[in-house]
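Visitor: Here the sequence shown is numbered in my numbering, starting from 333 and rising by one per residue.
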Amino acid sequence: MTTPLAAVERPRLILGSASPRRLDLLAQIGILPDQVRQADIDETPLKGELPDRYVRRIAREKAMALDSGMDDVLLCADTTVAVGRRILGKPTSRTEAGDFMRLMSGRRHRVLTAVVIRHGDKLRDRLVETTVRMRPITAAELDAYLDVGDWEGKAGGYAIQGAAAAFIPWIQGSFSSVVGLPLAETAAMLASCGITRKEVRS
Numbered sequence: 333m334t335t336p337l338a339a340v341e342r343p344r345l346i347l348g349s350a351s352p353r354r355l356d357l358l359a360q361i362g363i364l365p366d367q368v369r370q371a372d373i374d375e376t377p378l379k380g381e382l383p384d385r386y387v388r389r390i391a392r393e394k395a396m397a398l399d400s401g402m403d404d405v406l407l408c409a410d411t412t413v414a415v416g417r418r419i420l421g422k423p424t425s426r427t428e429a430g431d432f433m434r435l436m437s438g439r440r441h442r443v444l445t446a447v448v449i450r451h452g453d454k455l456r457d458r459l460v461e462t463t464v465r466m467r468p469i470t471a472a473e474l475d476a477y478l479d480v481g482d483w484e485g486k487a488g489g490y491a492i493q494g495a496a497a498a499f500i501p502w503i504q505g506s507f508s509s510v511v512g513l514p515l516a517e518t519a520a521m522l523a524s525c526g527i528t529r530k531e532v533r534s
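(1) Counting C-beta neighbours from all protein chains within 10 Å, is the total for MET294 16 or more, i.e. buried, or is it exposed?
(2) Quick one: Cα of SER400 to Cα of LEU515, how far?
(3) Give me the Cα-Cα distance between THR445 and LEU382, rounded to the nearest whole angstrom.
(4) Enumerate in chain order the residues of its own chain whose CB-to-CB distance from ARG344 is below 6 Å, with the five nearest sequence positions on each side excluded.
(5) For ASP410, which residues does DSSP report across the bridge?
(6) Just curious, the beta strand (DSSP E) that LEU455 is in, first and last residue?
(7) Under 8 Å, do ILE503 and VAL510 count as touching if we go by C-beta distance?
(8) Using a threshold of 8 Å, state whether the C-beta atoms of THR376 and ALA487 are closer than that.
(9) Excluding the 5 residues flanking ASP384 on each side, which residues of the same chain have their C-beta closer than 7 Å to its C-beta?
(10) How would you write the range of the alpha helix (DSSP H) that ILE419 sits in, first residue to last?
(11) Per DSSP, VAL510 forms a beta bridge with which residues?
(12) By DSSP, does ARG529 sit in helix, in strand, or in coil?
(13) Give me the residue from THR518, GLY526, ALA523, SER524 with the minimum Cα distance to LEU355.
(14) What would DSSP say about ALA339, mapped onto helix, strand or coil?
(15) Could you say which of GLY526, TYR490, GLY362, CYS408 lies nearest to SER437 if we only look at CA atoms?
(16) Could you tell me the distance, in whole angstroms, from the CA atom of ARG439 to the CA atom of GLU484?
(17) Which residues share a DSSP beta bridge with TRP316?
(18) What are the boundary residues of the beta strand (DSSP E) that ILE492 is part of?
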């Protein structure tokens, strides 16, 4: 006897990130995780590590650090900002955030997001790169921006959907990837595991 398609149990989706931005992005494409967890790992770059290798390594380590069932789909991601070979992580102080913003002022930088999905014993990843240009930022503008505090907890010291949007006239690539999760690529990866907006759970 064939089991009706509607009766087939869909995989459970676990989002391995405490980022509210990634949760909001998934909601935009109609996907609601069954669980949200956070991986506790050391995100310090290795000596001489290139930005693309770093962000992919961190995303994979997050996926490996979390427990999930064989039938579960675990989604993890990591985003970093790179100026040349230099990795700009989350600033630890207002001073460091200011240094980051001055470094990016009037030039282009790259935003790299690695997406990793673990389903059973399979681990797949995808790296998405977006180029972002910041216009020159005056000292007064920078001080006002830093006062807002929007730099806290953000790779590179800014969020493209926040106050720093006033400094960004142009991007090439995925906007949602700069926010924290490339939606087109993520949706395709999830669909290959049987998770689409039709399988959203209430």
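Ideal placement from N, C-alpha and C gives every residue a C-beta, glycine not left out.
Guide: The answer reads as follows:
(1) This structure gives no information on residue 294, because the portion of the chain shown stretches from 333 to 534.
(2) Here residue 400 corresponds to residue number 68 of the sequence shown, with the count starting at 1. Here residue 515 corresponds to residue number 183 of the sequence shown, with the count starting at 1. Spanning the two alpha carbons is a distance of roughly 23 Å.
(3) Stepping through the sequence shown from its first residue, residue 445 is reached at position 113. Stepping through the sequence shown from its first residue, residue 382 is reached at position 50. For THR445 and LEU382, the distance between alpha carbons rounds to 14 Å.
(4) Looking up residue 344 in the sequence shown gives position 12. These residues qualify, in order along the chain: ASP366, ASP404.
(5) In the sequence shown, the residue the question calls residue 410 occupies position 78. According to DSSP, ASP410 bridges with ALA446.
(6) For the purposes of this step, residue 455 is taken as residue 123 along the sequence shown, with counting starting at 1. That run of the beta strand (DSSP E) goes 454 to 465.
(7) On the sequence shown, position 171 is the one that residue 503 refers to. On the sequence shown, position 178 is the one that residue 510 refers to. Closer than 8 Å, so yes.
(8) Numbered from its first residue, the sequence shown carries residue 376 at position 44. Numbered from its first residue, the sequence shown carries residue 487 at position 155. Taking 8 Å as the Cβ cut-off, THR376 and ALA487 do not qualify as a contacting pair.
(9) Counted from its first residue, the sequence shown places residue 384 at position 52. Contacts found: LEU444, LEU459.
(10) Position 87 of the sequence shown holds residue 419. Careful: ILE419 lies outside any alpha helix (DSSP H), inside the beta strand (DSSP E) at 418 to 420.
(11) Translated into positions along the sequence shown, residue 510 becomes position 178. None; VAL510 has no bridge partner.
(12) Locating residue 529 in the sequence shown gives position 197, where the first residue counts as 1. Helix.
(13) What you label residue 355 is simply residue 23 of the sequence shown in a count that begins at 1. Cα-wise, what sits closest to LEU355 is THR518.
(14) Mapped onto the sequence shown, residue 339 falls at position 7. Any reading at ALA339 needs caution, since the residue's pLDDT is 43, under 50, leaving its predicted position unreliable; the model's value is listed next. The answer is helix: DSSP assigns ALA339 an H, G or I state.
(15) Here residue 437 refers to the residue found at position 105 when the sequence shown is read from its first residue. It is TYR490 whose Cα lies nearest to the Cα of SER437.
(16) One-based indexing of the sequence shown puts residue 439 at position 107. One-based indexing of the sequence shown puts residue 484 at position 152. So the alpha carbons of these two residues sit roughly 22 Å apart.
(17) Examination of residue 316 is not possible in this model, given that the chain is present from 333 through 534 alone.
(18) On the sequence shown, residue 492 is found 160 positions in, with the first residue counted as 1. From DSSP, ILE492 is part of no beta strand (DSSP E); its letter is neither H nor E.
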